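S.K.:
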Amino acid sequence: MDQTNVTRQLALWVAETTVSDLPDSAIQRTRIILLDAIASALAGRSADETPILVDTAVGALGGGDATLLSGGTGSLACAAVVNGYLITAVTVCDIHLPTVCHVTPEVVPPALAIAEERDLPGADLLLAIALGLEVTTRIGLGTDYPAFQARGWHSPGITGPFGASAAVGKLMGLDADAHTHAFGICASQAAGTWAQLGTPTIKFQQARGAMSGLLSALLAERKFTATPDGLGAARGGLFTTYADGGSPDRMLDGIGARWELENISLRSWPAAAFLQGLVTAVLGLVDEHDVRPESVARLRVRISPAAYALHGERVPKDRFEARLTANYVAAVTLHDRACWMDQFSAERFADPDLTAWRRDRVEVISDDSLLDAGAALDVELTDGRTVSQLARVPKGDPEDAHTFEDAANKLRLASAGLNAASPIEELIRTIESLETVGSIRPALRGLRGPLSA
Numbered sequence: 377m378d379q380t381n382v383t384r385q386l387a388l389w390v391a392e393t394t395v396s397d398l399p400d401s402a403i404q405r406t407r408i409i410l411l412d413a414i415a416s417a418l419a420g421r422s423a424d425e426t427p428i429l430v431d432t433a434v435g436a437l438g439g440g441d442a443t444l445l446s447g448g449t450g451s452l453a454c455a456a457v458v459n460g461y462l463i464t465a466v467t468v469c470d471i472h473l474p475t476v477c478h479v480t481p482e483v484v485p486p487a488l489a490i491a492e493e494r495d496l497p498g499a500d501l502l503l504a505i506a507l508g509l510e511v512t513t514r515i516g517l518g519t520d521y522p523a524f525q526a527r528g529w530h531s532p533g534i535t536g537p538f539g540a541s542a543a544v545g546k547l548m549g550l551d552a553d554a555h556t557h558a559f560g561i562c563a564s565q566a567a568g569t570w571a572q573l574g575t576p577t578i579k580f581q582q583a584r585g586a587m588s589g590l591l592s593a594l595l596a597e598r599k600f601t602a603t604p605d606g607l608g609a610a611r612g613g614l615f616t617t618y619a620d621g622g623s624p625d626r627m628l629d630g631i632g633a634r635w636e637l638e639n640i641s642l643r644s645w646p647a648a649a650f651l652q653g654l655v656t657a658v659l660g661l662v663d664e665h666d667v668r669p670e671s672v673a674r675l676r677v678r679i680s681p682a683a684y685a686l687h688g689e690r691v692p693k694d695r696f697e698a699r700l701t702a703n704y705v706a707a708v709t710l711h712d713r714a715c716w717m718d719q720f721s722a723e724r725f726a727d728p729d730l731t732a733w734r735r736d737r738v739e740v741i742s743d744d745s746l747l748d749a750g751a752a753l754d755v756e757l758t759d760g761r762t763v764s765q766l767a768r769v770p771k772g773d774p775e776d777a778h779t780f781e782d783a784a785n786k787l788r789l790a791s792a793g794l795n796a797a798s799p800i801e802e803l804i805r806t807i808e809s810l811e812t813v814g815s816i817r818p819a820l821r822g823l824r825g826p827l828s829a
């Protein structure tokens with residue numbers, strides 16, 4: 377094997393890895409991430425633009441028998457796009473913070489569609505998703521993310537297709553040659569920039585990444601060919617073009633022994649990933665100090681420089697942008713003592729009293745002592761006292777990771793508007809024992825129903 381061809385090395389690892397190679401921690405983490413992704417998709421039905429996306433995808437990509445988590449069925453490509461969008465639609469899905477990449481919208485939908493279509497065993501699906509998560513995150517590390525981000529690139533639509541392709545290709549039994557070609561096809565479709573932040577198109581990049589990976593693997597299965605080193609080619613390779621050569625050694629370092637998927641964070645609340653620590657801190661303030669809005673003279677919110685750059689000075693125009701705005705998230709969470717869909721409704725966003733309170737009493741500043749999604753609060757109370765709250769990492773971070781029951785409860789919460797006959801508990805049991813399940817098809821098809829009235 378050509379040791380200089382990093383694409384080939386990655387493809388060979390994907391082709392040769394079996395479910396017995398997964399440590400127990402990676403197996404359990406993959407189960408949790410899969411359950412969280414489906415919960416996020418069901419929550420995504422409530423996004424304003426979801427009907428537009430679904431109608432367009434069904435019209436453009438055609439019908440079929442793949443389950444759409446919006447309800448109904450569509451083609452494989454349609455399921456990849458619709459379900460990919462749903463997972464990210466209300467900003468409650470995963471994030472790999474080292475590469476600022478939402479991974480499940482690209483990886484999970486095409487894997488589910490192929491596993492459903494071909495009625496494959498649960499163990500195959502579990503392995504495929506684990507490999508897809510790992511490939512996406514490791515290629516992200518290989519891009520040398522600071523250099524990559526400095527050019528304005530947004531990870532999901534660029535590294536995500538490779539993870540989708542790895543998952544689908546594994547389910548279809550591709551050999552190393554076919555995986556290599558599939559990765560080359562992915563490289564030719566990689567796209568997405570931060571210029572779209574604050575618009576639905578930033579989320580569409582993830583859905584498009586899911587379809588790109590699906591198409592790459594399907595083409596490779598039929599012997600469609602591509603460059604043998606889509607990642608590392610000196611002229612036009614992903615690492616060279618997007619990140620001045622990247623860090624391919626970092627991509628491959630410890631692969632198979634150390635699972636980067638275990639560093640994926642999960643979100644508890646439908647707000648920006650870098651604001652999860654803020655919600656953690658506000659709810660801690662409520663639980664530990666019983667702080668109420670009327671008793672607050674001044675709320676100083678401290679967030680990391682990375683979070684401040686994205687969310688510190690934003691003035692939201694709509695309820696989607698409210699999810700990305702630090703002072704809104706802090707104010708509504710403190711007022712309502714909760715952070716879920718009701719806190720980002722059109723009516724709640726337009727509340728003049730809430731708007732005045734956050735404008736007059738909330739100050740957001742950048743704090744170099746905080747990293748990523750960490751947050752700290754300093755509260756001046758109307759009686760002259762002060763209280764503080766620190767969330768160094770948010771709930772859902774690998775250091776304070778979600779359990780399987782946390783993910784199951786998120787699914788139950790997200791599915792609260794579904795028809796009561798929907799077999800949510802069956803789906804939870806299926807994923808909990810996924811490696812021994814004969815097929816995920818029955819549990820998945822139980823999610824085809826519409827929202828209840």
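This note's numbering runs 376 ahead of the 1-based position in the sequence shown. The C-beta atom is built at its ideal place from N, Cα and C for all residues, glycine as well. Predicted model, so just to flag it, every value in this text is computed and none were measured.
1) Output the boundary residues of the beta strand (DSSP E) element that contains ALA836.
2) So what does DSSP say about VAL466, is it helix, strand or coil?
3) Taking all protein chains shown into account, decide if LYS579 is buried (16 or more other Cβ within 10 angstroms of its Cβ) or exposed.
4) Could you have a look at VAL738 and say whether DSSP puts it in helix, strand or coil?
5) Do GLU510 and TRP635 have their C-beta atoms closer together than 8 Å?
6) Does the distance from the C-beta atom of PHE650 to that of ALA749 stay below 8 Å?
7) Report the three-state DSSP secondary structure of GLU636 (helix, strand or coil).
8) Any idea if SER396 is buried or exposed, counting beta-carbon neighbours within 10 angstroms, 16 or more meaning buried?
9) With a threshold of 8 Å on Cβ separation, who are the neighbours of GLY450 within its own chain once the five nearest residues in sequence on each side are excluded?
10) Which same chain residues, not among the five before or five after THR556, have their C-beta less than 7 Å away from its C-beta?
11) Within 8 Å, do at least three Cβ pairs link the stretch 401-415 to the stretch 766-782?
12) Considering only C-alpha positions, which residue in the set ALA504, VAL476, VAL430, VAL468 is nearest to ARG513?
13) Using C-beta distances below 6 Å, list every residue in its chain close to LEU820, excluding the 5 sequence neighbours before and after it, in chain order.
14) Given a cut-off of 8 Å on the beta-carbon distance, is the pair GLY460 and GLN582 in contact?
15) DSSP three-state call for HIS665: helix, strand or coil?
16) Terminal residues of the continuous alpha helix (DSSP H) containing GLN582?
17) Quick one: what's got a C-beta closer than 6 Å to ALA504's C-beta in the same chain, skipping five residues either side?
18) Please state if the CB of ALA752 and the CB of ALA552 are separated by a distance shorter than 8 Å.
19) Based on Cα-Cα distance, which residue from ALA657, ILE561, ASP520, GLY688 lies nearest to ARG626?
20) Could you give the distance in angstroms between the alpha-carbon of LYS771 and the alpha-carbon of LYS599?
21) The beta strand (DSSP E) with ALA752 in it runs from where to where?
22) What would DSSP say about HIS778, mapped onto helix, strand or coil?
23) Taking DSSP as the reference, what is the three-state secondary structure of TRP716?
24) Please classify ILE471: does DSSP put it in a helix, a strand, or coil?
25) Thinking C-alpha only, which one of GLY568, ASP495, PRO497 is nearest GLN525?
26) Taking contact to mean 3 or more Cβ pairs, one atom from each stretch, closer than 8 Å, check whether the stretch 732-743 and the stretch 699-717 are in contact.
27) Please report the straight-line C-alpha distance between SER680 and ILE807, rounded to a whole angstrom.
28) Once the 5 residues before and after ARG805 are set aside, which same chain residues still bring their CB inside 7 Å of it?
29) Exposed or buried, which one is SER416 when buried takes at least 16 other CB atoms within 10 Å?
30) Given that a residue counts as buried once 16 or more other Cβ atoms are within 10 Å of its Cβ, and exposed if not, what is PRO427?
31) Among residues of its own chain, excluding the 5 on either side of ARG643, which ones have a beta-carbon nearer than 6 Å to its beta-carbon?
32) Throw me the rounded Cβ distance for the PHE559 and LEU628 pair, which I believe falls under 8 Å.
33) Please report the distance separating the alpha-carbon of ALA499 from that of ILE640.
34) At what residues does the beta strand (DSSP E) containing LEU766 begin and finish?
35) Could you check the C-alpha separation between SER671 and PRO399 for me, to the nearest Å?
36) Is the beta carbon of ALA455 sitting closer than 8 Å to the one on ALA506?
M.R.: Let me lay it out:
1) Because the chain here runs from 377 to 829, residue 836 falls outside it and cannot be looked at.
2) DSSP places VAL466 in coil when its eight states are reduced to three.
3) A buried status is given to LYS579, since no fewer than 16 other beta-carbon atoms sit within 10 Å of its beta-carbon.
4) It is a strand residue.
5) Yes, these two residues count as a Cβ contact at 8 Å.
6) For PHE650 and ALA749, yes; Cβs fall inside 8 Å.
7) Annotated three-state conformation of GLU636 is helix, per DSSP.
8) Label assigned to SER396: exposed.
9) Cβ contact annotation for GLY450 (same chain, cutoff 8 Å, sequence separation greater than five): ALA433, VAL434, LEU437, GLY438, GLY439, GLY440, ALA442, LEU444, VAL458, in chain order.
10) Once the five neighbours on either side are set aside, the close Cβ partners of THR556 are THR383, ARG384, ALA387, PRO604.
11) Verdict: yes, contact present.
12) Before going further, note that residue 513 is Thr rather than Arg in the sequence given. Comparing Cα positions, the closest option is VAL476.
13) Within the same chain, LEU820 has close Cβ partners THR443, GLU492.
14) Yes, these two residues count as a Cβ contact at 8 Å.
15) In this structure, DSSP gives HIS665 a helical state, which the three-state scheme calls helix.
16) Looking at the DSSP string, the run of the alpha helix (DSSP H) that includes GLN582 is 576-597.
17) If the five residues before and after ALA504 are omitted, its C-beta is found closer than 6 Å to the C-beta atoms of ALA487, ALA543, LYS546, LEU547, all from its own chain and listed in chain order.
18) The criterion of a C-beta distance shorter than 8 Å is not satisfied by ALA552 and ALA752.
19) Minimum Cα distance to ARG626 is reached at ASP520.
20) Taking the straight line joining both Cα atoms gives about 45 Å.
21) Boundaries of the beta strand (DSSP E) harbouring ALA752: 751-757, taken from the DSSP string.
22) When secondary structure is reduced to three states using DSSP, HIS778 falls in the coil class, being assigned neither helix nor strand.
23) In the three-state DSSP reduction, TRP716 falls in the coil class, being neither helix nor strand.
24) In the three-state reduction of the DSSP assignment, ILE471 falls in the strand class, which pools E and B.
25) Nearest option by C-alpha distance: GLY568.
26) The stretch 732-743 is in contact with the stretch 699-717.
27) C-alpha separation (whole angstroms): 35 Å.
28) Around ARG805: no qualifying Cβ.
29) SER416 counts as buried, since at least 16 other C-beta atoms from the protein chains shown sit within 10 angstroms of its C-beta.
30) Label assigned to PRO427: exposed.
31) VAL468, GLN652, GLY772.
32) PHE559 to LEU628, Cβ: 14 Å. No contact.
33) Each residue's CA atom was taken as its position, placing ALA499 and ILE640 some 21 Å apart.
34) In the DSSP annotation of this structure, the continuous segment of the beta strand (DSSP E) that includes LEU766 starts and ends at 762-767.
35) A direct Cα-Cα distance of roughly 50 Å separates SER671 from PRO399.
36) No; because the gap between Cβ atoms is not below 8 Å, this pair is not in contact.
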